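This note's numbering applies: residue 1 is where the sequence shown begins, and numbers increase by one. This report concerns only the one structure given below.
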Amino acid sequence: ARPVLFAVGVGLWAASTAYSAYDRYFNQDQSGWQALLGGAADATGISGIYAGITGRDLVMQHHLSLTPAQQRQMLTEGSIQAGGSGLLLYGGVRSFLRGRAPAAGEYLSEVDKELLGRLRQGIDVEVPPGTTGIRTSMSDLTLVSNNEVALLRLTGGRRVLRMGGPTSVKLGPEVQRVIAHTHPSGRLQFSKNDIAALRKLGQRSSVIIDPRADIGVRLPVPSAPPVGTL
Numbered sequence: 001a002r003p004v005l006f007a008v009g010v011g012l013w014a015a016s017t018a019y020s021a022y023d024r025y026f027n028q029d030q031s032g033w034q035a036l037l038g039g040a041a042d043a044t045g046i047s048g049i050y051a052g053i054t055g056r057d058l059v060m061q062h063h064l065s066l067t068p069a070q071q072r073q074m075l076t077e078g079s080i081q082a083g084g085s086g087l088l089l090y091g092g093v094r095s096f097l098r099g100r101a102p103a104a105g106e107y108l109s110e111v112d113k114e115l116l117g118r119l120r121q122g123i124d125v126e127v128p129p130g131t132t133g134i135r136t137s138m139s140d141l142t143l144v145s146n147n148e149v150a151l152l153r154l155t156g157g158r159r160v161l162r163m164g165g166p167t168s169v170k171l172g173p174e175v176q177r178v179i180a181h182t183h184p185s186g187r188l189q190f191s192k193n194d195i196a197a198l199r200k201l202g203q204r205s206s207v208i209i210d211p212r213a214d215i216g217v218r219l220p221v222p223s224a225p226p227v228g229t230l
């Protein structure tokens, strides 16, 4: 969804740039480069900020004869527009990074890098109740390792993160519940092994996380077919 929204936003920004450049070129007698530069500045809000501060047009540098109230209005509107453009760019870059295979350590904070090292050694990492950002951490850890990461509840109520391989996480008798796990492929469906393991634990549902989109979906565990049927 985010790449689609980014594409729509870029399309609107390009259309706004083109319209402003057209007006500057044909109605304000600006050169091609001036019109293009001014159109881009208009679309991103930079022109409004500059005019609000200086009272001049950014490209032509002529006075716009603005009142103080008009300058304040242009500064406010330009700042809002520039903020929206910045968010659009940030969302697009993040969507691009989420959609490609990352290099080792990319996206990870220093804390997550430490988690990655422990998980790769087969060490469970405890997750206290109330801990936030677990889904995103699981997504990032999966993206850099290409391995499944599961949030498990163990005997005694402890919650831990455990890393497996590209298609599975090893569950022992100490595991009471699979709260959530990632699929490196992004496939938001239970595999046959998932279903078998969840049925064995007596679970009716569990969460699958698509690490590339950083979303989690709770799915029901399919019931076992009656004995003797195909």
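Ideal placement from N, C-alpha and C gives every residue a C-beta, glycine not left out. No experiment lies behind these values; they were computed from the predicted model shown.
Report task. Classify Gly216 as buried or exposed, calling it buried when 16 or more other Cβ atoms lie within 10 Å of its own Cβ. Result -> By 1-based counting over the sequence shown, the position of residue 216 is 216. Note on Gly216: 16 or more other CB atoms within 10 angstroms of its CB, so buried under the neighbour-count rule.
Requested in this report: Please classify Pro222: does DSSP put it in a helix, a strand, or coil?
Outcome: Residue 222 sits at position 222 when you count from the first residue of the sequence shown. For Pro222, the secondary structure class from DSSP, reduced to helix, strand or coil, is coil.
Requested in this report: Please classify Ala51: does DSSP put it in a helix, a strand, or coil?
Outcome: Position 51 of the sequence shown holds residue 51. Annotated three-state conformation of Ala51 is helix, per DSSP.
Query raised in the report: Do you know whose CA, among Ile209, Gly130 and Ala82, lies nearest Thr136's CA?
Result: Within the sequence shown, numbered from 1, the residue matching residue 136 stands at position 136. In terms of CA proximity to Thr136, Ile209 leads the group Ile209, Gly130 and Ala82.
Query raised in the report: Taking buried to mean at least 16 other C-beta atoms within 10 Å of its own C-beta, is Arg100 buried or exposed?
Result: Translated into positions along the sequence shown, residue 100 becomes position 100. Reliability of the predicted coordinates at Arg100 is poor, the pLDDT of 49 falling under 50, and the value obtained from them is presented with this limitation in mind. Arg100 should be labelled exposed.
Query raised in the report: Are Thr142 and Thr182 close, meaning C-beta to C-beta below 9 Å?
Result: Residue mapping note: residue 142 aligns to position 142 of the sequence shown, counting from 1. Residue mapping note: residue 182 aligns to position 182 of the sequence shown, counting from 1. Yes, they are a contact pair.
**Report entry** Start and end residues, alpha helix (DSSP H) containing Gln34
**Finding:** Residue 34 sits at position 34 when you count from the first residue of the sequence shown. Its alpha helix (DSSP H) spans residues Gly32 to Thr44.
Query raised in the report: Could you give the distance in angstroms between the alpha-carbon of Leu64 and the alpha-carbon of Lys113?
Result: Residue numbering aside, residue 64 sits at position 64 when the sequence shown is read from its first letter. Residue numbering aside, residue 113 sits at position 113 when the sequence shown is read from its first letter. Their Cα atoms are separated by approximately 53 Å.
**Report entry** Residues that Val10 bridges to, as DSSP identifies them
**Finding:** Here residue 10 refers to the residue found at position 10 when the sequence shown is read from its first residue. The secondary-structure analysis by DSSP pairs Val10 with nothing; it has no beta-bridge partner.
Report task. Measure from the alpha carbon of Glu180 to the alpha carbon of each residue in Pro173, Val144, Ser223 and Val127, then state which is nearest. Result -> Your numbering for residue 180 matches position 180 in the sequence shown. Here the sequence assigns Ala to residue 180, which means Glu is not the residue at that position. Considering only alpha carbons, the answer is Val127.
Requested in this report: Going by DSSP, name the residue or residues bridged to Arg212.
Outcome: Residue 212 sits at position 212 when you count from the first residue of the sequence shown. According to DSSP, which records beta bridges pairwise, Arg212 is partnered with nothing at all.
Report task. Quick one: give me the first and last residue of the alpha helix (DSSP H) that Leu198 is part of. Result -> Position 198 of the sequence shown, counted from the first residue, corresponds to residue 198. Here the alpha helix (DSSP H) through Leu198 covers Lys192 to Leu201.
Query raised in the report: Is Arg135 helix, strand or coil when you go by DSSP?
Result: Position 135 of the sequence shown, counted from the first residue, corresponds to residue 135. In this structure, DSSP gives Arg135 a helical state, which the three-state scheme calls helix.
Report task. List the whole-angstrom C-beta distance separating Arg24 from Ala41, where the pair is believed to meet the contact cut-off of C-beta under 8 Å. Result -> The residue given as residue 24 occupies position 24 in the sequence shown. The residue given as residue 41 occupies position 41 in the sequence shown. Contact between Arg24 and Ala41 is ruled out by a C-beta separation of about 10 Å, above the 8 Å threshold.
Query raised in the report: Can you tell me whether DSSP reads Leu161 as helix, strand or coil?
Result: The residue given as residue 161 occupies position 161 in the sequence shown. It is a strand residue.
Report task. Rank Gln176, Asn193, Leu161 and Leu152 by C-alpha distance to the C-alpha of Leu201 and give the top, closest one. Result -> What you label residue 201 is simply residue 201 of the sequence shown in a count that begins at 1. Measuring from the Cα of Leu201, the nearest candidate turns out to be Gln176.
Requested in this report: Assign Arg204 to one of two classes, buried (16 or more other C-beta atoms within 10 Å of its C-beta) or exposed (fewer than that).
Outcome: Here residue 204 corresponds to residue number 204 of the sequence shown, with the count starting at 1. Taking all protein chains in view, the Cβ of Arg204 is surrounded by fewer than 16 other Cβ atoms within 10 Å, so the residue is classified as exposed.
Report task. Could you please give the first and the last residue of the uninterrupted beta strand (DSSP E) stretch that includes Arg177? Result -> Along the sequence shown, one-based indexing puts residue 177 at 177. Per DSSP, Arg177 is one residue of the beta strand (DSSP E) stretching across Val175 to Thr182.
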